[in-house]
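Student: Provided herewith is a single structure, encoded as structure tokens, for subsequent inquiry.
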Amino acid sequence: MDGQDPIEVPSSPRDKPEPHPDLWYSDGSVALIAEGTAFRVHGGLLAANSDIFKDMLRVPQPDLVETYEGVPIIYLSDTKNDLEHLLKVIYRFQCLWPEAVIEFDVLASLLRMSTKYLFTHIRNAVIARLQQSFPDTLSKWDKTPVPSASTAFQVVALARETNARVLLPAALYRCCQEPLETILRGARDSNGLITKLHAMDIEACMIGMRFLVAARRKHTFRFLSKGPRYRAITGVRSVHVKWSEKCAKLSYCGEFIQSFVQFAVRSGSWERHDALVRTTDELWEARRQRVCVHCLAAWKKANTNGRENVWNELPSYFNLSEWDVIRGECR
Numbered sequence: 197m198d199g200q201d202p203i204e205v206p207s208s209p210r211d212k213p214e215p216h217p218d219l220w221y222s223d224g225s226v227a228l229i230a231e232g233t234a235f236r237v238h239g240g241l242l243a244a245n246s247d248i249f250k251d252m253l254r255v256p257q258p259d260l261v262e263t264y265e266g267v268p269i270i271y272l273s274d275t276k277n278d279l280e281h282l283l284k285v286i287y288r289f290q291c292l293w294p295e296a297v298i299e300f301d302v303l304a305s306l307l308r309m310s311t312k313y314l315f316t317h318i319r320n321a322v323i324a325r326l327q328q329s330f331p332d333t334l335s336k337w338d339k340t341p342v343p344s345a346s347t348a349f350q351v352v353a354l355a356r357e358t359n360a361r362v363l364l365p366a367a368l369y370r371c372c373q374e375p376l377e378t379i380l381r382g383a384r385d386s387n388g389l390i391t392k393l394h395a396m397d398i399e400a401c402m403i404g405m406r407f408l409v410a411a412r413r414k415h416t417f418r419f420l421s422k423g424p425r426y427r428a429i430t431g432v433r434s435v436h437v438k439w440s441e442k443c444a445k446l447s448y449c450g451e452f453i454q455s456f457v458q459f460a461v462r463s464g465s466w467e468r469h470d471a472l473v474r475t476t477d478e479l480w481e482a483r484r485q486r487v488c489v490h491c492l493a494a495w496k497k498a499n500t501n502g503r504e505n506v507w508n509e510l511p512s513y514f515n516l517s518e519w520d521v522i523r524g525e526c527r
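Just remember that the numbering used here sits 196 ahead of the position in the sequence shown, which is counted from 1.
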């Protein structure tokens with residue numbers, strides 16, 4: 197819960213609320229009122245799924261309790277839209293099924309409300325939906341279309357607010373792919389609205405970017421350390437002179453990696469933050485240059501292993517607990 201009292205106690209007479217056109221059940225046992233809209237629903241259903249509502253409905257009702265069309269009223273401080281989203285999912289859970297189309301704003305509302313009222317199954321389902329864009333495994337990340345920067349910024353804020361930390365590593369990694377100016381000033385969405393990161397998340401990105409640069413060198417492009425000129429060009433110690441012990445073109449393959457490293461350093465790509473990048477383009481160029489099959493295989497394997505190492509370490513780059521810990525928080 198966010199610490200906010202969900203019951204708004206009336207201090208003066210109110211205008212008669214308007215029944216919600218859809219979420220109004222004639223056999224409902226309680227009327228929830230939010231922003232002047234009444235939702236007549238089944239108290240037993242709410243209590244069975246939420247300890248918060250169970251406690252609210254357990255409170256003995258005085259003889260003069262306020263009623264609406266014969267059922268007790270509970271005033272809530274939520275917006276009517278937020279309450280509507282929550283109740284629709286309670287009654288029609290299929291709207292959260294993976295194939296269902298649902299806007300981000302609705303998902304955000306549901307995550308806040310399910311967290312506030314302890315609807316654990318709804319909270320977990322919403323987090324699972326958000327993980328379609330910000331997953332917790334590398335294999336899923338590789339299959340995920342790159343989310344927009346503004347969406348990543350919003351998810352970071354939402355995850356902090358609702359303690360859905362399992363979303364943070366992928367979301368913060370996506371944020372770190374933006375220019376520094378965007379991280380500091382905010383990301384603009386398709387409607388021109390700007391979403392800004394909180395100060396703590398700007399700091400997390402700044403620190404995380406340094407780790408990502410180091411991880412890109414140490415893990416993602418580890419195979420470059422087998423180039424004969426690697427130490428001289430980058431200042432990193434290496435005793436290897438070839439990618440594969442089976443190299444059939446030692447001088448030719450060595451010359452290619454030498455030119456590749458020189459280009460990476462001079463172009464500035466050595467300082468990039470995309471530590472999860474797959475070296476597909478580079479492998480294609482190596483094939484075009486007729487690098488031997490043994491070195492190509494070693495290159496691909498090293499890149500695959502390096503990316504897995506980066507993913508396993510990713511939470512630590514942003515001062516988060518290990519993957520197993522933050523996954524366990526959503527169970």
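C-beta: ideal position from N, C-alpha, C; glycine also.
Less than 6 angstroms between C-beta atoms, sequence neighbours within five positions excluded: which residues of the same chain meet that for Phe315?
Tutor: Around Phe315: Asn245, Ser246.
Student: Does DSSP classify Trp507 as helix, strand or coil?
Tutor: The answer is helix: DSSP assigns Trp507 an H, G or I state.
Student: I want to see whether chain C comes within less than 9 angstroms of Lys276, judged by CB atoms only; does it?
Tutor: This model lacks chain C altogether; it includes just one protein chain.
Student: Which residues in the same chain as His490 place their Cβ atom closer than 7 angstroms to its Cβ, once the five residues preceding and following it in sequence are excluded?
Tutor: Taken in chain order, the residues that qualify are Ser440, Lys442, Cys443, Ala444.
Student: Under a three-way DSSP split, which group does Thr233 fall into?
Tutor: Three-state result, Thr233: strand.
Student: What does a CB cutoff of less than 6 angstroms around Asn515 pick up in its chain, not counting 5 residues either side in sequence?
Tutor: Correct list: empty, nothing qualifies.
Student: If you run the structure through DSSP and keep just helix, strand and coil, what is His571?
Tutor: The shown model of the chain, from 197 to 527, leaves out residue 571, and the question about it has no answer.
Student: Please state if the CB of Ala234 and the CB of Tyr264 are separated by a distance shorter than 9 angstroms.
Tutor: For Tyr264 and Ala234, yes; Cβs fall inside 9 angstroms.
Student: Do the CB positions of Ala367 and Thr391 come within less than 9 angstroms of each other?
Tutor: The answer is no: Cβ separation not under 9 angstroms.
Student: Can you grab the Cα-Cα spacing for the pair Gly502 / Gln454, in whole Å?
Tutor: Rounded to whole angstroms, Gly502 to Gln454 spans 20 angstroms at the Cα level.
Student: Give, in chain order, every unbroken run of the alpha helix (DSSP H) that is at least 4 residues long and sits entirely within the segment 261-324.
Tutor: Here the runs fully enclosed are 276-287, 300-312.
Student: Measure the alpha-carbon distance for Leu334 versus Gln327 and round it to whole angstroms.
Tutor: Whole-angstrom Cα-Cα distance: 12 angstroms.
Student: Check whether the segment 270-284 touches the segment 300-312, taking contact to mean three or more Cβ pairs, one atom from each stretch, closer than 8 angstroms.
Tutor: The segment 270-284 is in contact with the segment 300-312.
Student: Where His436 and Leu420 are concerned, what is the direct C-alpha to C-alpha distance, given to the nearest angstrom?
Tutor: Note that His436 scores 44 on pLDDT, short of 50, meaning its location in the model is unreliable; the coordinates nonetheless yield the value given after this. If you take the alpha carbons of His436 and Leu420, they lie about 10 angstroms apart.
Student: Would you kindly work out how many angstroms separate the C-alpha atoms of Ala296 and Gln290, rounded to a whole number?
Tutor: One C-alpha to the other measures close to 8 angstroms.
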